Amino acid sequence: MSGPIIVNSKEINNPVAKAVIAIFATLFAGGLTAAILFVVLPVVGIVVSFSISLAAVIFVTLGLGMITFSSLASALTLFGCFGLFGCFGMTNEHVEQVEKNLSFEGVELVRLRNVNGGVRITSWEKPEVFVKATKKVRASSDEKAKEYAQEVKIRIEKVGDTIEIITEHPKAHKPRFIGGVSVEYDVTMPEKANLDAKSTNGSMNVAGIIGETSAETTNGSVSIRDCEGKIILKTTNGRMDIEEISGSVGAKTSNGSISARLAILDGESGFETTNGSIDVRIKEVHSVPLAANTTNGSITIEIPSDFAADIEANTTNGRIRSDLPITVAGNISKTSLHGELNGGGPLMKLKTTNGNINIRSSE
23 MSGPIIVNSK EINNPVAKAV IAIFATLFAG GLTAAILFVV LPVVGIVVSF
73 SISLAAVIFV TLGLGMITFS SLASALTLFG CFGLFGCFGM TNEHVEQVEK
123 NLSFEGVELV RLRNVNGGVR ITSWEKPEVF VKATKKVRAS SDEKAKEYAQ
173 EVKIRIEKVG DTIEIITEHP KAHKPRFIGG VSVEYDVTMP EKANLDAKST
223 NGSMNVAGII GETSAETTNG SVSIRDCEGK IILKTTNGRM DIEEISGSVG
273 AKTSNGSISA RLAILDGESG FETTNGSIDV RIKEVHSVPL AANTTNGSIT
323 IEIPSDFAAD IEANTTNGRI RSDLPITVAG NISKTSLHGE LNGGGPLMKL
373 KTTNGNINIR SSE
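Below, the structure written as C-alpha coordinates:
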(Lines of atoms letter the chains of each structure in order from A and count residues from 1; the text may use other names and numbers.)
(Lines give C-alpha, C1' and ligand atoms only; values in the text may rest on other atoms or scores of the structure.)
Protein backbone atom coordinates (compact mmCIF):
# COMPACT_ATOMS: atom_id res chain seq x y z
CA MET A 1 0.00 0.00 0.00
CA SER A 2 1.35 3.46 -0.95
CA GLY A 3 1.96 6.06 1.73
CA PRO A 4 0.31 9.45 2.01
CA ILE A 5 1.00 12.15 -0.65
CA ILE A 6 2.66 15.30 0.72
CA VAL A 7 1.59 18.73 -0.67
CA ASN A 8 3.12 21.86 0.88
CA SER A 9 4.31 19.71 3.80
CA LYS A 10 0.76 18.51 4.52
CA GLU A 11 -0.40 14.94 4.18
CA ILE A 12 -3.34 14.15 1.88
CA ASN A 13 -5.22 11.07 2.91
CA ASN A 14 -8.30 11.59 0.71
CA PRO A 15 -8.33 8.62 -1.74
CA VAL A 16 -9.92 10.68 -4.59
CA ALA A 17 -7.41 13.50 -4.24
CA LYS A 18 -4.57 11.01 -4.12
CA ALA A 19 -5.81 9.35 -7.34
CA VAL A 20 -6.18 12.66 -9.20
CA ILE A 21 -2.72 13.83 -8.20
CA ALA A 22 -1.21 10.46 -9.14
CA ILE A 23 -2.82 10.62 -12.59
CA PHE A 24 -1.53 14.13 -13.25
CA ALA A 25 1.93 13.17 -12.02
CA THR A 26 1.98 10.16 -14.36
CA LEU A 27 0.84 12.25 -17.34
CA PHE A 28 3.45 14.91 -16.60
CA ALA A 29 6.23 12.33 -16.32
CA GLY A 30 5.13 10.63 -19.55
CA GLY A 31 4.92 13.92 -21.41
CA LEU A 32 8.33 14.97 -20.18
CA THR A 33 9.82 11.65 -21.25
CA ALA A 34 8.22 11.91 -24.71
CA ALA A 35 9.47 15.45 -25.11
CA ILE A 36 13.00 14.37 -24.28
CA LEU A 37 12.89 11.38 -26.62
CA PHE A 38 11.17 12.95 -29.62
CA VAL A 39 12.03 16.64 -29.43
CA VAL A 40 15.04 17.43 -27.29
CA LEU A 41 17.34 14.57 -28.31
CA PRO A 42 16.75 14.91 -32.10
CA VAL A 43 17.33 18.67 -31.92
CA VAL A 44 20.48 18.17 -29.86
CA GLY A 45 21.63 15.52 -32.34
CA ILE A 46 21.12 17.84 -35.28
CA VAL A 47 22.90 20.74 -33.59
CA VAL A 48 25.82 18.57 -32.51
CA SER A 49 26.12 16.92 -35.95
CA PHE A 50 26.09 20.28 -37.71
CA SER A 51 28.58 21.79 -35.26
CA ILE A 52 31.03 18.90 -35.65
CA SER A 53 30.71 18.92 -39.44
CA LEU A 54 31.17 22.67 -39.72
CA ALA A 55 34.09 22.65 -37.29
CA ALA A 56 35.83 19.91 -39.28
CA VAL A 57 35.45 21.81 -42.53
CA ILE A 58 36.67 25.06 -40.95
CA PHE A 59 39.76 23.34 -39.51
CA VAL A 60 40.58 21.82 -42.90
CA THR A 61 39.97 24.95 -44.93
CA LEU A 62 41.85 27.15 -42.47
CA GLY A 63 44.87 25.03 -43.34
CA LEU A 64 44.36 26.17 -46.93
CA GLY A 65 43.90 29.75 -45.84
CA MET A 66 40.43 30.05 -47.30
CA ILE A 67 36.85 29.06 -46.48
CA THR A 68 34.98 28.68 -49.76
CA PHE A 69 31.39 28.11 -50.68
CA SER A 70 32.18 24.48 -51.46
CA SER A 71 33.61 24.04 -47.95
CA LEU A 72 30.40 25.30 -46.39
CA ALA A 73 28.43 23.11 -48.79
CA SER A 74 30.42 20.14 -47.53
CA ALA A 75 29.48 21.01 -43.98
CA LEU A 76 25.83 21.18 -44.91
CA THR A 77 26.13 17.84 -46.69
CA LEU A 78 27.61 16.23 -43.58
CA PHE A 79 24.92 17.90 -41.52
CA GLY A 80 22.25 16.37 -43.77
CA CYS A 81 23.77 12.91 -43.67
CA PHE A 82 24.50 12.65 -39.96
CA GLY A 83 21.82 14.95 -38.60
CA LEU A 84 18.63 14.70 -40.58
CA PHE A 85 19.01 11.16 -41.95
CA GLY A 86 20.01 9.90 -38.53
CA CYS A 87 16.90 11.42 -36.97
CA PHE A 88 14.46 10.21 -39.58
CA GLY A 89 16.05 6.79 -40.03
CA MET A 90 16.63 6.75 -43.80
CA THR A 91 19.11 3.90 -43.39
CA ASN A 92 17.62 1.28 -45.71
CA GLU A 93 19.14 1.31 -49.20
CA HIS A 94 17.95 -0.48 -52.33
CA VAL A 95 20.41 -0.91 -55.22
CA GLU A 96 19.19 -1.84 -58.68
CA GLN A 97 21.08 -2.14 -61.98
CA VAL A 98 19.91 -1.68 -65.56
CA GLU A 99 22.08 -2.83 -68.49
CA LYS A 100 21.58 -2.41 -72.22
CA ASN A 101 23.51 -2.73 -75.51
CA LEU A 102 22.67 -0.70 -78.61
CA SER A 103 24.09 -0.88 -82.13
CA PHE A 104 26.06 2.22 -83.15
CA GLU A 105 25.24 1.91 -86.84
CA GLY A 106 24.12 5.27 -88.22
CA VAL A 107 24.77 7.04 -84.91
CA GLU A 108 26.72 10.31 -84.64
CA LEU A 109 25.96 11.48 -81.11
CA VAL A 110 25.57 9.99 -77.63
CA ARG A 111 23.47 12.24 -75.40
CA LEU A 112 23.26 11.57 -71.64
CA ARG A 113 21.12 13.43 -69.11
CA ASN A 114 21.25 12.52 -65.43
CA VAL A 115 20.25 13.99 -62.06
CA ASN A 116 22.10 13.19 -58.84
CA GLY A 117 24.85 10.77 -59.73
CA GLY A 118 28.30 10.27 -61.17
CA VAL A 119 29.02 9.42 -64.81
CA ARG A 120 31.95 7.46 -66.29
CA ILE A 121 32.37 7.22 -70.06
CA THR A 122 35.09 5.22 -71.83
CA SER A 123 35.66 3.96 -75.37
CA TRP A 124 36.26 0.66 -77.12
CA GLU A 125 36.56 -0.70 -80.68
CA LYS A 126 33.16 -2.37 -80.84
CA PRO A 127 30.45 -0.68 -83.00
CA GLU A 128 28.00 -0.55 -80.12
CA VAL A 129 27.16 1.32 -76.92
CA PHE A 130 26.96 -0.47 -73.59
CA VAL A 131 25.18 1.23 -70.71
CA LYS A 132 25.10 0.17 -67.07
CA ALA A 133 22.95 2.30 -64.78
CA THR A 134 22.95 1.80 -61.01
CA LYS A 135 19.98 3.17 -59.09
CA LYS A 136 20.32 3.76 -55.35
CA VAL A 137 17.40 4.72 -53.13
CA ARG A 138 17.43 5.26 -49.36
CA ALA A 139 14.17 5.08 -47.45
CA SER A 140 12.64 4.32 -44.09
CA SER A 141 12.22 0.66 -45.12
CA ASP A 142 13.55 -1.76 -47.74
CA GLU A 143 10.09 -2.11 -49.26
CA LYS A 144 9.58 1.62 -49.71
CA ALA A 145 13.07 2.01 -51.19
CA LYS A 146 12.40 -0.76 -53.72
CA GLU A 147 8.99 0.66 -54.63
CA TYR A 148 10.38 4.13 -55.27
CA ALA A 149 13.29 2.75 -57.31
CA GLN A 150 10.71 1.34 -59.74
CA GLU A 151 9.43 4.88 -60.32
CA VAL A 152 12.87 6.14 -61.36
CA LYS A 153 13.03 5.29 -65.07
CA ILE A 154 16.14 4.74 -67.18
CA ARG A 155 15.49 5.43 -70.86
CA ILE A 156 18.11 4.11 -73.29
CA GLU A 157 17.09 4.31 -76.95
CA LYS A 158 18.11 5.31 -80.45
CA VAL A 159 16.41 8.45 -81.77
CA GLY A 160 17.47 9.25 -85.34
CA ASP A 161 21.26 9.55 -85.39
CA THR A 162 21.43 9.91 -81.60
CA ILE A 163 21.56 7.43 -78.75
CA GLU A 164 19.78 8.95 -75.76
CA ILE A 165 20.47 7.90 -72.17
CA ILE A 166 18.02 9.68 -69.90
CA THR A 167 17.17 9.47 -66.19
CA GLU A 168 13.50 10.23 -65.55
CA HIS A 169 12.52 10.96 -61.94
CA PRO A 170 8.88 11.05 -60.79
CA LYS A 171 7.33 14.47 -61.36
CA ALA A 172 5.51 14.37 -58.03
CA HIS A 173 7.26 15.67 -54.93
CA LYS A 174 9.43 13.05 -53.27
CA PRO A 175 7.60 11.41 -50.31
CA ARG A 176 8.94 12.16 -46.84
CA PHE A 177 9.82 8.50 -46.24
CA ILE A 178 12.33 8.65 -49.14
CA GLY A 179 15.86 9.86 -48.44
CA GLY A 180 18.58 10.06 -51.08
CA VAL A 181 17.99 9.02 -54.71
CA SER A 182 20.87 8.70 -57.17
CA VAL A 183 21.72 7.07 -60.50
CA GLU A 184 25.31 6.31 -61.53
CA TYR A 185 26.23 5.57 -65.14
CA ASP A 186 29.02 3.52 -66.66
CA VAL A 187 28.96 3.95 -70.46
CA THR A 188 31.25 2.39 -73.06
CA MET A 189 31.03 3.73 -76.63
CA PRO A 190 33.05 3.78 -79.88
CA GLU A 191 35.93 6.24 -79.73
CA LYS A 192 35.01 8.08 -82.94
CA ALA A 193 31.78 9.76 -81.91
CA ASN A 194 30.37 12.97 -80.49
CA LEU A 195 29.37 13.15 -76.84
CA ASP A 196 26.99 15.43 -74.94
CA ALA A 197 26.78 14.45 -71.26
CA LYS A 198 25.19 16.35 -68.36
CA SER A 199 24.61 15.40 -64.74
CA THR A 200 24.18 17.02 -61.33
CA ASN A 201 25.64 16.33 -57.89
CA GLY A 202 28.23 13.86 -59.10
CA SER A 203 31.58 13.54 -60.83
CA MET A 204 32.03 13.34 -64.61
CA ASN A 205 34.83 11.17 -66.06
CA VAL A 206 35.47 10.84 -69.81
CA ALA A 207 38.29 9.00 -71.58
CA GLY A 208 39.29 8.03 -75.12
CA ILE A 209 36.77 9.95 -77.27
CA ILE A 210 37.64 11.38 -80.70
CA GLY A 211 35.08 13.99 -81.73
CA GLU A 212 33.19 16.88 -80.19
CA THR A 213 32.85 16.35 -76.44
CA SER A 214 30.68 18.31 -74.04
CA ALA A 215 30.75 17.22 -70.38
CA GLU A 216 28.93 19.14 -67.67
CA THR A 217 27.99 18.57 -64.04
CA THR A 218 27.32 20.50 -60.83
CA ASN A 219 28.78 19.95 -57.37
CA GLY A 220 31.31 17.48 -58.69
CA SER A 221 34.69 17.17 -60.35
CA VAL A 222 35.33 16.76 -64.07
CA SER A 223 38.10 14.53 -65.40
CA ILE A 224 38.90 14.03 -69.08
CA ARG A 225 41.86 12.30 -70.68
CA ASP A 226 43.13 10.89 -73.98
CA CYS A 227 40.54 12.75 -76.07
CA GLU A 228 40.78 14.59 -79.39
CA GLY A 229 38.63 17.32 -80.90
CA LYS A 230 36.64 20.27 -79.63
CA ILE A 231 36.09 19.88 -75.89
CA ILE A 232 33.72 21.87 -73.68
CA LEU A 233 33.80 21.24 -69.91
CA LYS A 234 31.74 22.85 -67.17
CA THR A 235 31.05 22.31 -63.48
CA THR A 236 30.42 24.18 -60.25
CA ASN A 237 32.02 23.52 -56.87
CA GLY A 238 34.51 21.06 -58.28
CA ARG A 239 38.01 20.78 -59.75
CA MET A 240 38.94 19.89 -63.32
CA ASP A 241 41.67 17.50 -64.46
CA ILE A 242 42.46 17.53 -68.17
CA GLU A 243 45.09 15.07 -69.43
CA GLU A 244 46.63 14.36 -72.86
CA ILE A 245 44.16 16.32 -74.96
CA SER A 246 44.61 17.25 -78.61
CA GLY A 247 42.33 19.96 -79.99
CA SER A 248 40.65 22.96 -78.40
CA VAL A 249 39.42 23.27 -74.82
CA GLY A 250 36.84 25.45 -73.11
CA ALA A 251 36.87 24.74 -69.37
CA LYS A 252 34.84 26.61 -66.76
CA THR A 253 34.27 25.91 -63.08
CA SER A 254 33.76 27.71 -59.79
CA ASN A 255 35.27 27.04 -56.37
CA GLY A 256 37.76 24.62 -57.85
CA SER A 257 41.15 24.50 -59.54
CA ILE A 258 41.92 23.58 -63.15
CA SER A 259 44.86 21.38 -64.13
CA ALA A 260 45.43 20.81 -67.86
CA ARG A 261 48.11 18.82 -69.67
CA LEU A 262 47.62 19.27 -73.41
CA ALA A 263 49.46 17.37 -76.13
CA ILE A 264 48.40 19.67 -78.98
CA LEU A 265 46.41 22.89 -78.80
CA ASP A 266 45.08 23.72 -82.27
CA GLY A 267 41.94 25.77 -81.57
CA GLU A 268 40.92 28.81 -79.54
CA SER A 269 40.88 27.78 -75.87
CA GLY A 270 39.99 29.24 -72.50
CA PHE A 271 40.16 28.27 -68.83
CA GLU A 272 38.05 30.03 -66.20
CA THR A 273 37.37 29.53 -62.50
CA THR A 274 36.77 31.33 -59.23
CA ASN A 275 38.48 30.56 -55.93
CA GLY A 276 40.98 28.25 -57.54
CA SER A 277 44.27 28.09 -59.41
CA ILE A 278 44.81 27.42 -63.12
CA ASP A 279 47.76 25.30 -64.21
CA VAL A 280 48.11 24.67 -67.96
CA ARG A 281 50.98 22.85 -69.69
CA ILE A 282 51.03 22.66 -73.49
CA LYS A 283 53.51 20.53 -75.44
CA GLU A 284 52.61 21.87 -78.89
CA VAL A 285 50.62 24.99 -79.77
CA HIS A 286 49.40 26.12 -83.14
CA SER A 287 48.73 29.80 -83.75
CA VAL A 288 45.56 30.13 -81.66
CA PRO A 289 44.19 32.50 -78.98
CA LEU A 290 44.49 31.37 -75.36
CA ALA A 291 42.88 32.79 -72.20
CA ALA A 292 42.97 32.03 -68.47
CA ASN A 293 40.90 33.88 -65.89
CA THR A 294 40.48 33.30 -62.16
CA THR A 295 39.91 35.03 -58.84
CA ASN A 296 41.66 34.12 -55.60
CA GLY A 297 44.16 31.87 -57.32
CA SER A 298 47.38 31.78 -59.30
CA ILE A 299 47.84 31.17 -63.03
CA THR A 300 50.71 29.10 -64.42
CA ILE A 301 51.07 28.71 -68.19
CA GLU A 302 53.79 26.48 -69.66
CA ILE A 303 54.18 26.84 -73.44
CA PRO A 304 56.80 25.94 -76.07
CA SER A 305 59.57 28.52 -76.29
CA ASP A 306 58.80 29.22 -79.97
CA PHE A 307 55.12 30.05 -79.35
CA ALA A 308 54.31 33.42 -80.93
CA ALA A 309 51.62 35.53 -79.26
CA ASP A 310 50.56 38.94 -78.06
CA ILE A 311 50.39 38.87 -74.27
CA GLU A 312 48.11 40.68 -71.84
CA ALA A 313 48.67 39.72 -68.21
CA ASN A 314 47.02 41.47 -65.28
CA THR A 315 46.71 40.74 -61.57
CA THR A 316 45.88 42.52 -58.34
CA ASN A 317 47.63 41.55 -55.12
CA GLY A 318 50.12 39.40 -57.00
CA ARG A 319 53.14 39.42 -59.30
CA ILE A 320 53.85 38.51 -62.92
CA ARG A 321 56.90 36.41 -63.77
CA SER A 322 58.09 35.11 -67.16
CA ASP A 323 60.93 32.73 -68.01
CA LEU A 324 60.46 33.57 -71.70
CA PRO A 325 61.71 36.78 -73.38
CA ILE A 326 58.84 39.21 -73.89
CA THR A 327 59.05 42.44 -75.86
CA VAL A 328 57.19 44.88 -73.64
CA ALA A 329 54.77 47.43 -75.09
CA GLY A 330 53.99 50.49 -72.98
CA ASN A 331 54.51 50.65 -69.25
CA ILE A 332 55.43 47.59 -67.19
CA SER A 333 54.72 46.90 -63.54
CA LYS A 334 54.67 44.00 -61.12
CA THR A 335 50.92 43.56 -61.70
CA SER A 336 50.50 44.37 -65.41
CA LEU A 337 52.30 43.24 -68.55
CA HIS A 338 51.52 43.91 -72.22
CA GLY A 339 53.89 42.76 -74.93
CA GLU A 340 54.87 40.29 -77.63
CA LEU A 341 56.32 36.83 -77.52
CA ASN A 342 58.42 35.79 -80.54
CA GLY A 343 57.23 38.72 -82.65
CA GLY A 344 53.58 38.53 -81.62
CA GLY A 345 50.55 36.60 -82.83
CA PRO A 346 47.14 35.55 -81.46
CA LEU A 347 46.26 37.02 -78.07
CA MET A 348 47.16 35.18 -74.87
CA LYS A 349 45.16 36.88 -72.11
CA LEU A 350 45.84 36.05 -68.46
CA LYS A 351 43.95 37.66 -65.58
CA THR A 352 43.60 37.01 -61.87
CA THR A 353 43.03 38.70 -58.54
CA ASN A 354 44.84 37.73 -55.36
CA GLY A 355 47.34 35.51 -57.15
CA ASN A 356 50.54 35.38 -59.18
CA ILE A 357 50.89 34.85 -62.93
CA ASN A 358 53.75 32.62 -64.12
CA ILE A 359 54.73 32.16 -67.78
CA ARG A 360 57.18 29.31 -68.33
CA SER A 361 58.68 27.13 -71.02
CA SER A 362 57.26 23.63 -71.32
CA GLU A 363 60.48 22.31 -72.86
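Sequential numbering of the sequence shown, starting at 23, is according to the working numbering. C-beta atoms are modelled at their ideal positions from N, C-alpha and C, and glycine is treated no differently. Fair warning: this is a prediction, and the values are worked out from it, not measured in the lab.
Limits of the unbroken beta strand (DSSP E) element including residue i
i, result
"K180", "K175 to V181"
"K256", "E250 to K256"
"E186", "T184 to E190"
"V302", "I300 to V307"
"H195", "Careful: H195 lies outside any beta strand (DSSP E) and carries neither H nor E."
"T349", "I348 to V350"
"I286", "I280 to L287"
"D263", "M262 to K274"
"M112", "Where M112 is concerned, there is no enclosing beta strand (DSSP E), given that its DSSP letter is neither H nor E."
"T235", "T235 to E238"
Distance, residue j Cα to residue i Cα
i, j, result
"K373", "S236", "25 Å"
"L312", "I333", "10 Å"
"S270", "I200", "43 Å"
"I325", "E186", "39 Å"
"G139", "P368", "40 Å"
"G340", "N241", "29 Å"
"S320", "S163", "49 Å"
"E234", "V151", "17 Å"
"I379", "H195", "48 Å"
"S276", "T222", "14 Å"
"A285", "A167", "47 Å"
"S383", "R177", "48 Å"
"S344", "L217", "37 Å"
"A330", "R247", "27 Å"
"N123", "K193", "28 Å"
"A335", "S243", "28 Å"
"E179", "E266", "31 Å"
"K371", "A314", "6 Å"
Beta-ladder partner(s) of residue i, from DSSP
i, result
"T375", "T338"
"P212", "W146"
"V151", "L124"
"F199", "DSSP, once it has assigned bridges, lists no residue as partnering F199."
"T156", "Q119 and E206"
"A330", "Partner(s): none; A330 has no beta bridge."
Residues near residue i by beta carbon distance below 6 Å, same chain, minus five either side
i, result
"N376", "N318 and N339"
"R135", "I188 and K220"
"R160", "M112, E115, G201 and G202"
"K154", "E121 and D208"
"S291", "S270, V271 and L312"
"T258", "T240 and S276"
"I280", "M262, A273, F293, T295 and I300"
Residue i at chain B interface by Cβ criterion, 9 Å
i, result
"S243", "Any reference to chain B falls outside this structure, which holds one protein chain only."
Cβ shell of residue i (< 7 Å), same chain only, five flanking positions each side left out
i, result
"V307", "L287, I325, P326 and F329"
"G365", "A330"
Contacting residues, own chain, Cβ-Cβ under 8 Å from residue i (five flanking each side not counted)
i, result
"P212", "F126, S145, W146, E147, K148, P149, E150 and V151"
"V310", "S270, L287, D288, G289, E290, S291 and P368"
"V181", "none"
"E385", "P326 and S327"
Open item on the list: Is it the case that the region 173 to 188 contacts the region 253 to 265, given that we only count it when at least three CB pairs across the two stretches are under 8 Å?
Closed with: Cβ pair count under 8 Å is below three, so no.
Open item on the list: Three Cβ pairs or more, each shorter than 8 Å: is that satisfied between the region 339 to 358 and the region 293 to 302?
Closed with: With a cut-off of 8 Å on Cβ pairs, the region 339 to 358 is not in contact with the region 293 to 302, counting fewer than three such pairs.
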